[in-house]
Every structure is written in structure tokens, then in C-alpha cells.
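Enquirer:
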Amino acid sequence: MINFAVVGVGHIAKKHIEAIQNVEGAQLVAVCDTNQERLDAPEYKEFKRYTDLETMLSENEDIQVVNICVPSGLHAPLTKIVTSYKRHVIVEKPMVLKLEDGESMIQDAEANGVKLAVVHPNRFRPAIQALKEAMDQNHFGTLSHANATVRWNRNQAYYDQAPWRGTKEFDGGVLMNQAIHDLDLMLWLMGPVKSVQAMAATRLRKIETEDVAVATVMFESGALGVIEAATTIYPSNIEESLAIFGETGSAKVGGRTANLIKHWDFEAVSEEETKALTERIEKDPFGTPGHQCIIEDMVRSIEEGRSPIVSGADGMAPVRLIHAILESAETGKRIDL
Numbered sequence: 097m098i099n100f101a102v103v104g105v106g107h108i109a110k111k112h113i114e115a116i117q118n119v120e121g122a123q124l125v126a127v128c129d130t131n132q133e134r135l136d137a138p139e140y141k142e143f144k145r146y147t148d149l150e151t152m153l154s155e156n157e158d159i160q161v162v163n164i165c166v167p168s169g170l171h172a173p174l175t176k177i178v179t180s181y182k183r184h185v186i187v188e189k190p191m192v193l194k195l196e197d198g199e200s201m202i203q204d205a206e207a208n209g210v211k212l213a214v215v216h217p218n219r220f221r222p223a224i225q226a227l228k229e230a231m232d233q234n235h236f237g238t239l240s241h242a243n244a245t246v247r248w249n250r251n252q253a254y255y256d257q258a259p260w261r262g263t264k265e266f267d268g269g270v271l272m273n274q275a276i277h278d279l280d281l282m283l284w285l286m287g288p289v290k291s292v293q294a295m296a297a298t299r300l301r302k303i304e305t306e307d308v309a310v311a312t313v314m315f316e317s318g319a320l321g322v323i324e325a326a327t328t329i330y331p332s333n334i335e336e337s338l339a340i341f342g343e344t345g346s347a348k349v350g351g352r353t354a355n356l357i358k359h360w361d362f363e364a365v366s367e368e369e370t371k372a373l374t375e376r377i378e379k380d381p382f383g384t385p386g387h388q389c390i391i392e393d394m395v396r397s398i399e400e401g402r403s404p405i406v407s408g409a410d411g412m413a414p415v416r417l418i419h420a421i422l423e424s425a426e427t428g429k430r431i432d433l
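The opening residue of the sequence shown carries number 97 in this note's numbering; numbering runs sequentially from there.
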């Protein structure tokens, strides 16, 4: 049995706790938050509760994995503490806001011989898994281009719920907070980006960071890409989608949360196969929850002595791209990665 602890018992922690409880071979033994009132909530009564991370780690040597669910700007310092106690880490997205913090996290984990996993749960959705399989089987042939689109609504009330939301120090904007899922998928499927040209703005929300951004990219393969991300859509979410186009195939996974096949046409795939795949995914568009897949993978990676599927290096890839997009938007120049 692998023992877990969760740090930060806000909204996203509920997904982590449910996932841990649903994974065979995992159990939650402790929770930690600086807010005692949160810890006193009935749902945490059965666990050991702490307001100090180091106290929790020093008093519970049986804790093997710590899930970090605090505001993004705090990921790096808390990870440093956890890895210094030689415990494995699962950190929410975005892995970090600052590039140097991410490199430090990876180095600390390696130096202490522990695993570092980053929560990018959308990789495990059935439609995305099908897209990855099509890519691995070379169904697209030579790649032409890709398009990642996030047209969502996050109104001012959303940002006003907590003082850290929308800040440069603790949260980031639409790219770091919402579109990072889709940038992770684009990089996972299309490969590394060579260069980027972008624009970003804060149009409607009273926040420090961007609420809309557009970018064009060139991948190292020579394929092109278009990114559109916004939390300014009125009055609610319209679309989250990823489309890929190649010499012998084209596909689009879309819907409000990128979990349905909207287009699927490959030279090597029959109409019957396409219909069967589309119908199967429509019946169960989310499959096993992504957070549960991340927890399961951490348990297996400990048992098998391997790296997590979504490693620290994987977590840094979209962060680097976002930094390049914002640098391009600020300078007006094309940025080489």
C-alpha cells in the first residue's frame, strides 16, 4: 500500500482525494493546509491534519507521496521541502510559473532519488488516447499543421473568489491556467516547438495577466500550429479543441472540453472503424478520471522503479512554450525556443 498526503485542501484537492481513494494500492493518510477552518471540514476528519508541511512529514515517515494542490506560485518551494524529506511528489498544473523554479524542482527530485509527476489529466481521455494512437501509427503521414483552441468563460466573479487568481506571482493568465492543458497535448502529439510569434492582451477581466492570447508556432518537424486561448467568451464556455492535419489524415477532438471526436478521416481507417470509435467515445467521453490515472501511474512507477508517465520534464514543456508566447507578445518578435 502506497501512502499519500495532500497539501492544500481547496477545490482541486477534492479530485486528488477522490482519485486516491479509488486507486487500488493507494491510501490517503494525511492532509495539510494553513487554513485550520478548512481542515476542520467534516470530510477531513478521518485523516491526520496539519497546518505545517514539515511537521506532517517529520511525524509521518510512512507518507511516500505528497500531492501539491496549492496556488501555482507556491509549487516550487513546497516541492523543495517534500523532496528534501525524500518523498515522491505529484504537483498540479502548471508545474511552475517561473522557468528557473521548474529546473530547480527537477534537480531536487533527482538529487533526492524521488519521483516528480505533473498533473496533465487530459492525456488520458479516450478521444485524446485515440488521437495519440493515430499519431503513433503514422496515420497522418507528413504533418501539415495543428490548431489548439480554448474559448472559455471565466467571469470577474471567478477571479474575485481568491486574491491570488489572475496574479503574475501565484496564478498566471489564460495560458498558464486554462490553455496549458491543450498546449501540453499539442506538444505531446506534435513534438517540440522551434519558434513562436504571438500577441496577448488583458481585454475584459481586471487581472494582472492575459485573458486572451493568439500565437502561431513552427514545430521542429516543420509543421505549423495555431493557438487561440481566451477566458473572455460570453456568456459561457463554447469550445476546447485540438485539430491535427496531415498528408493522409485529419482529425479534430472537440466539444466544450475536448472529449469528443468531431472529425476523423484517415486513408488507413475505414468508415466502419471511424463510426465504431466515435460511438464508443460518445458513450464514455471521459473514461477513467485523469487524476485517477495520474495516481495509478505513480503507484505503478514506484512499484516498477520507473519514471512517471507525465514527468517533470514533460510538465516544463508547456511552461517553456507559454514563456516564449508571452515574450513574443511583449517584444513583438519571433522567439526561438
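Where a beta carbon is used, it is the ideal one built from N, C-alpha and C, also for glycine.
None of these values were measured; they are calculated from a predicted model.
Between which two residues does the alpha helix (DSSP H) carrying tyrosine 330 extend?
Expert: The sequence position of residue 330 within the sequence shown is 234, counting from 1. Note, tyrosine 330: premise wrong, no alpha helix (DSSP H); not H, not E.
Enquirer: Leaving out five residues before and five after leucine 212 in sequence, what residues of the same chain have Cβ atoms less than 6 Å from its Cβ?
Expert: Looking up residue 212 in the sequence shown gives position 116. Contacts found: Val185, Ala205, Gly408.
Enquirer: Who does aspartate 380 pair with in a DSSP beta bridge?
Expert: Within the sequence shown, numbered from 1, the residue matching residue 380 stands at position 284. Note: aspartate 380 sits in no beta bridge, so no partner.
Enquirer: Round the Cβ separation of valine 178 and glutamate 392 to the nearest angstrom and send it over; I've been treating them as touching at under 8 Å.
Expert: The count along the sequence shown starts at 1 and reaches residue 178 at position 82. The count along the sequence shown starts at 1 and reaches residue 392 at position 296. Not quite, the Cβ-Cβ distance comes to about 20 Å (not below 8 Å), so this is no contact.
Enquirer: Please look up how many angstroms separate the CB atoms of lysine 182 and asparagine 208, rounded, as I've assumed it's under 8 Å.
Expert: The sequence position of residue 182 within the sequence shown is 86, counting from 1. The sequence position of residue 208 within the sequence shown is 112, counting from 1. So it is a contact: roughly 5 Å between Cβ atoms.
Enquirer: Please report how far the alpha carbon of proline 331 lies from the alpha carbon of lysine 429, in whole angstroms.
Expert: Locating residue 331 in the sequence shown gives position 235, where the first residue counts as 1. Locating residue 429 in the sequence shown gives position 333, where the first residue counts as 1. About 33 Å.
Enquirer: Please confirm whether isoleucine 164 and asparagine 99 have their CB atoms less than 8 Å apart.
Expert: Position 68 of the sequence shown, counted from the start, is the residue given in the question as residue 164. Position 3 of the sequence shown, counted from the start, is the residue given in the question as residue 99. Not closer than 8 Å, so no.
Enquirer: Under 8 Å Cβ to Cβ from methionine 97, same chain only, skipping five residues before and after it: list those, please.
Expert: Looking up residue 97 in the sequence shown gives position 1. The answer, listed in chain order, is Gly121, Ala122, Gln123.
Enquirer: Between the region 186–193 and the region 336–346, are three or more C-beta pairs nearer than 8 Å?
Expert: Segments in contact, no.
Enquirer: How long is the line joining the alpha carbons of threonine 374 and threonine 384, rounded to whole angstroms?
Expert: What you label residue 374 is simply residue 278 of the sequence shown in a count that begins at 1. What you label residue 384 is simply residue 288 of the sequence shown in a count that begins at 1. Distance between the alpha carbons of threonine 374 and threonine 384: 17 Å.
Enquirer: Alpha carbon to alpha carbon, how far is serine 240 from lysine 141? Give it in angstroms, no decimals.
Expert: Within the sequence shown, numbered from 1, the residue matching residue 141 stands at position 45. Within the sequence shown, numbered from 1, the residue matching residue 240 stands at position 144. If I take the Cα positions, the gap works out to 54 Å.
Enquirer: Rounded to whole angstroms, what's the CA-CA distance from glutamate 304 to leucine 170? Just pull it up for me.
Expert: Here residue 304 refers to the residue found at position 208 when the sequence shown is read from its first residue. Here residue 170 refers to the residue found at position 74 when the sequence shown is read from its first residue. The straight-line gap from Cα to Cα measures roughly 18 Å.
Enquirer: Answer yes or no: do leucine 195 and proline 414 have a C-beta to C-beta separation smaller than 8 Å?
Expert: In the sequence shown, counting from the first residue as 1, residue 195 sits at position 99. In the sequence shown, counting from the first residue as 1, residue 414 sits at position 318. No, the Cβ-Cβ distance between leucine 195 and proline 414 is not below 8 Å.
Enquirer: Might you give, ordered along the chain, the residues of its own chain that have their beta carbon closer than 7 Å to the beta carbon of isoleucine 329, omitting 5 neighbours on each side?
Expert: The residue given as residue 329 occupies position 233 in the sequence shown. So the list reads Arg247, Trp248, Asn249, once near-sequence residues are dropped.
Enquirer: Which residue wins for smallest C-alpha separation from alanine 230, given the options Pro173, Gly269, Glu369?
Expert: Counted from its first residue, the sequence shown places residue 230 at position 134. Alanine 230 has its Cα closest to that of Glu369, out of Pro173, Gly269, Glu369.
Enquirer: What is the DSSP secondary structure of glutamine 233, reduced to helix, strand or coil?
Expert: One-based indexing of the sequence shown puts residue 233 at position 137. Glutamine 233 falls in the coil class under three-state DSSP.
Enquirer: So, do the region 288–303 and the region 213–232 have three or more beta carbon pairs nearer to each other than 8 Å?
Expert: The region 288–303 vs the region 213–232: no contact.
Enquirer: How long is the line joining the alpha carbons of proline 381 and glycine 401, rounded to whole angstroms?
Expert: Your numbering for residue 381 matches position 285 in the sequence shown. Your numbering for residue 401 matches position 305 in the sequence shown. If you take the alpha carbons of proline 381 and glycine 401, they lie about 31 Å apart.
Enquirer: Use the C-beta contact count for glycine 411: other C-beta atoms within 10 angstroms, 16 or more gives buried, fewer gives exposed.
Expert: The count along the sequence shown starts at 1 and reaches residue 411 at position 315. Glycine 411 comes out buried.
Enquirer: Would DSSP call aspartate 432 helix, strand or coil?
Expert: Counting from one through the sequence shown, the residue named residue 432 turns up at place 336. Note: aspartate 432 maps to strand in three-state DSSP.
Enquirer: If you draw a straight line from the alpha carbon of glutamate 316 to that of histidine 235, how long is it in whole angstroms?
Expert: As a first step, residue 316 must be located in the sequence shown, where it is residue number 220. As a first step, residue 235 must be located in the sequence shown, where it is residue number 139. So the two alpha carbons sit approximately 19 Å from each other.
Enquirer: Assess, as a yes-or-no matter, whether the region 129–146 is touched by the region 104–120 under the definition of 3 or more beta carbon pairs within less than 8 Å.
Expert: Touching, per the Cβ criterion.
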